[in-house]
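Asks: I'd like to ask you about the structure that follows.
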Amino acid sequence: MKKVKYSPDHVTGPGADMDPSQITFPGCVCVQTPCVPGTCSCLLHDKNYDDSLCLRDIGLEAKYARPVFECNALCRCSPHCPNRVVQRGLQAHLQVFLTDRKGWGLRTLELIPKGRFVCEYAGEVLGLSEAQRRIHSQTIHDSNYIIAVREHVCKGQVMETFVDPTHIGNLGRFLNHACEPNLLMVPIRVDSMVPRLALFAARDIVPGEELSYDYSGRFLNLADTEDPEGLDHGKRRKPCYCGARACTAFLPYDSSLYGPLEEADIS
Numbered sequence: 001m002k003k004v005k006y007s008p009d010h011v012t013g014p015g016a017d018m019d020p021s022q023i024t025f026p027g028c029v030c031v032q033t034p035c036v037p038g039t040c041s042c043l044l045h046d047k048n049y050d051d052s053l054c055l056r057d058i059g060l061e062a063k064y065a066r067p068v069f070e071c072n073a074l075c076r077c078s079p080h081c082p083n084r085v086v087q088r089g090l091q092a093h094l095q096v097f098l099t100d101r102k103g104w105g106l107r108t109l110e111l112i113p114k115g116r117f118v119c120e121y122a123g124e125v126l127g128l129s130e131a132q133r134r135i136h137s138q139t140i141h142d143s144n145y146i147i148a149v150r151e152h153v154c155k156g157q158v159m160e161t162f163v164d165p166t167h168i169g170n171l172g173r174f175l176n177h178a179c180e181p182n183l184l185m186v187p188i189r190v191d192s193m194v195p196r197l198a199l200f201a202a203r204d205i206v207p208g209e210e211l212s213y214d215y216s217g218r219f220l221n222l223a224d225t226e227d228p229e230g231l232d233h234g235k236r237r238k239p240c241y242c243g244a245r246a247c248t249a250f251l252p253y254d255s256s257l258y259g260p261l262e263e264a265d266i267s
């Protein structure tokens, strides 16, 4: 296992537009009253978490992924506010272990109920050109930890976040892909627009079970019909060993990161 600098939170990497540690959101003023929709400025639509601090409307119950904002460092509410979950960090007992065919993996040592926050996928926040440069410099023997998260916002705009925990990261880097995963990744905003990539239990997870999520972001596991031969720009894609009945046979990949290199912005 290569040496990795541990960081529970994102850090600024080359080309990043924003410092993920900078506090840019104003805080709520909920002192005498609890943080509830209608009065708390951090909860514009509905509660994010139920009374058990589990994410509400997860998986098939969710018609779409709505924005999730937690109370932040400038909020006047209590540190025990129920709208502070991801920022409290890792709570579950997890274990890194060596799998049979997938290299290192991550499993739980305790029961995790559906909707419970499990861990984050933290690392260096990169710009597009740096993410592409790192992808192009990889060999067939290198593991690819870079994730591209694209969020569709108003008027057709897309917000992109590139995170690489190869050299600086947390336990999330050991999570393997599965075509029928037990975790769901949700972008959570706390102090700024840089999302924290939080992973929640998509169903009840039993002790000893390996934790996994869908690298492509397709929680409903749509069939992969675009590339039945498993070719990526003429090169053979890496096989998937998740063992699911609906396994697509190959690991997902982001074709935009493998395309022509973008010119770095040095202004």
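Position 140 of the sequence shown, counting from 1, maps to 140 under the UniProt record's numbering, and the rest follow consecutively. From the three backbone atoms N, C-alpha and C, an ideal C-beta is built for every residue, glycine too. It should be emphasised that the depicted structure is a prediction, and the values quoted were computed from it without experimental measurement.
#1: Between the C-alpha atoms of V29 and R76, what's the straight-line distance to the nearest angstrom?
#2: Tell me whether the region 86-95 and the region 107-123 touch, counting them as touching only if at least three CB pairs, one residue from each stretch, are closer than 8 Å.
#3: If contacts are defined as beta-carbon pairs under 8 Å, then D214 and H177 qualify, I think. What distance do you get, rounded to the angstrom?
#4: Take the Cβ of F250 as the centre, count every other Cβ of all protein chains shown within 10 Å, and call the residue buried at 16 or more, exposed below.
#5: Here's the rule I'm using: 16 or more other beta-carbon atoms within 10 Å means buried, otherwise exposed. How should M159 be labelled?
#6: E180 to Q32, Cα distance in whole Å?
#7: Is it true that the CB of L126 sits closer than 8 Å to the CB of A16?
#8: Would you identify the three-state DSSP class for G13, choosing helix, strand or coil?
#9: Rounding to the nearest angstrom, what Cα-Cα distance links L53 and A73 in this structure?
#10: Within this structure, are the beta carbons of V36 and G169 separated by less than 8 Å?
#11: Using the C-alpha atoms, what's the distance from C242 back to N182?
#12: When you compare the CB positions of L171 and V86, do they come within less than 8 Å of one another, or not?
#13: Looking at the secondary structure, which residues open and close the beta strand (DSSP E) in which H136 lies?
#14: Could you work out which residue in Y6, P8, Q22, P14 is closest to S192 when comparing CA atoms only?
#15: How should D254 be labelled, buried or exposed, when 16 other C-beta atoms within 10 angstroms of its C-beta is the threshold for buried?
#16: Taking 7 Å as the limit between beta carbons, can you name the residues of its chain near Y6, skipping five residues before and five after?
#17: Nearest CA to the CA of A244: which residue from E210, Y258, Q157?
#18: Per DSSP, what are the beta-bridge partners of A122 in this structure?
#19: Which runs of the beta strand (DSSP E) spanning at least 3 residues fall entirely within the UniProt domain "SET" (92-216), listed in chain order?
#20: If H45 and V194 are in contact, beta carbons under 8 Å, what's the gap, nearest whole angstrom?
#21: Nearest-angstrom Cα distance between C42 and D100?
#22: For the ligand GDP, is there any heavy atom lying closer than 7 Å to the beta carbon of L55?
#23: Looking at C-alpha atoms only, which residue of P207, D204, S137, A122 is the closest neighbour of P187?
Replies: Checking against the coordinates, here is how it stands:
#1: 5 Å
#2: yes
#3: 7 Å
#4: buried
#5: exposed
#6: 44 Å
#7: yes
#8: coil
#9: 19 Å
#10: no
#11: 12 Å
#12: no
#13: That residue, H136, is in no beta strand (DSSP E); its alpha helix (DSSP H) goes 128-137.
#14: Q22
#15: buried
#16: N170
#17: E210
#18: None, per the DSSP bridge assignment.
#19: 94-98, 104-108, 117-120, 124-126, 147-152, 158-164, 183-189, 196-201
#20: About 21 Å; that fails the 8 Å criterion.
#21: 44 Å
#22: Looking at this structure, you won't find the ligand GDP or any other ligand, since it has none at all.
#23: A122
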